[in-house]
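Numbering (the UniProt record's numbering), first residue to last: 277 to 555. Even for Gly, the Cβ is constructed at its ideal location relative to N, Cα and C. Note that the coordinates shown come from a computational prediction; the quantities given were computed from them, not determined experimentally.
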Ligand code: C2E
Ligand code: CA
Ligand code: CA
Ligand code: CA
């Protein structure tokens, strides 16, 4: 038994060491990666359910690593949230999204919005509002073009501070979206105090096939609540026709998911816009 335990422990130890080595490697490389242009934004379309029209996009970061290939955010964002680099990376993403919208406007394409993720760490930066405002203005865009997706779980950290920060962003004219809504962190009271524009339903609502009737009931309730509060609702993680029909049934406003398209390079998204303009 002792031998077994030793083996198990050594194995656990190895995995932990590898994890630490990987983290160290990423930490050593991240700054250079940013200056060398290894980070890139992908865009995933959002559609208006009524009329099936292209409504905008969400910017999702990718790391095109010279050795490891294209890395998904799950493999580096959690570390960047821990070591603070997320602040620099997010600013890069916001700037990239604005540059893309500028290019669309210059070509006379429809003025679609690109929403961006704001990490909980960003919310504690004193000058967040001004940083965002400067980026948007530098590209000659209206602030409403850059909706901010703030994850629901961020609202519980220090509710009063977060409410104040979000209020100041709202005052500057930013559209505020509560991301991953329904993961269970925020109270209805919090919802009431937050100057939100959009509820973005967590993907779990789409994937929970086990309790379908109940799920549909909850979605109906959320829609009603959103209507009452004057918010629009985006469903993400829509993968099937059936899910889409259920969302249509409850009157959801916008949809996003693999059923329509995966996140794609900006050039591909531009083609999508042009196609959507064809009569
Ligand atoms: P999120 O903000 O909730 O973004 C949605 C995630 O769901 C994206 O994963 C997207 O590719 C994925 N997704 C979209 N449609 C579907 C679908 O139909 N089915 C399934 N199974 N997944 C779908 P991604 O790009 O891997 O990003 C993961 C998370 O990483 C994001 O979750 C967000 O929390 C974070 N993230 C991504 N980019 C950024 C960024 O620029 N800044 C910050 N702070 N976080 C980011
Ligand atoms: Ca998001
Ligand atoms: Ca989400
Ligand atoms: Ca998420």
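Pop quiz: residue 373 and residue 530 are said to be a contact at Cβ under 8 angstroms. What is the actual Cβ separation, rounded to whole angstroms? Not a contact, Cβ separation roughly 18 angstroms.
The beta strand (DSSP E) that contains residue 339, what's its start and end? 329-341
Ligand 2 and residue 389: does any heavy atom of the ligand fall closer than 7 angstroms to the residue's C-beta? Incorrect: residue 389 has no Cβ contact closer than 7 angstroms to ligand 2.
Give me the Cβ distance between residue 594 and residue 476, rounded to the nearest whole Å; I'm assuming they're in contact under 8 angstroms. Within the shown structure, residues of the chain are numbered from 277 to 555, placing residue 594 beyond reach of any answer.
From the DSSP output, which residues share a beta bridge with residue 389? DSSP, once it has assigned bridges, lists 332 as partnering residue 389.
Give the C-beta separation of residue 504 and residue 321 to the nearest angstrom, bearing in mind that I take them to be a contact with Cβ-Cβ under 8 angstroms. In fact, because the Cβ distance is near 28 angstroms, the residues do not count as touching under 8 angstroms.
Determine the contact status of residue 416 and residue 448, defining contact as a CB-CB distance below 8 angstroms. no
Does the Cβ of residue 455 lie closer than 7 angstroms to at least one heavy atom of ligand 2? At least one heavy atom of ligand 2 is nearer than 7 angstroms to the Cβ of residue 455, so yes.
Beta-carbon gap between residue 553 and residue 386 smaller than 8 angstroms: yes
In terms of alpha-carbon separation, which member of 383, 360, 451 lies closest to residue 396? Sorting 383, 360, 451 by C-alpha distance to the C-alpha of residue 396 places 360 at the top.
Would you say residue 496 lies against chain B (beta-carbon separation less than 8 angstroms)? Absent here is chain B; the protein component of the structure consists of one chain.
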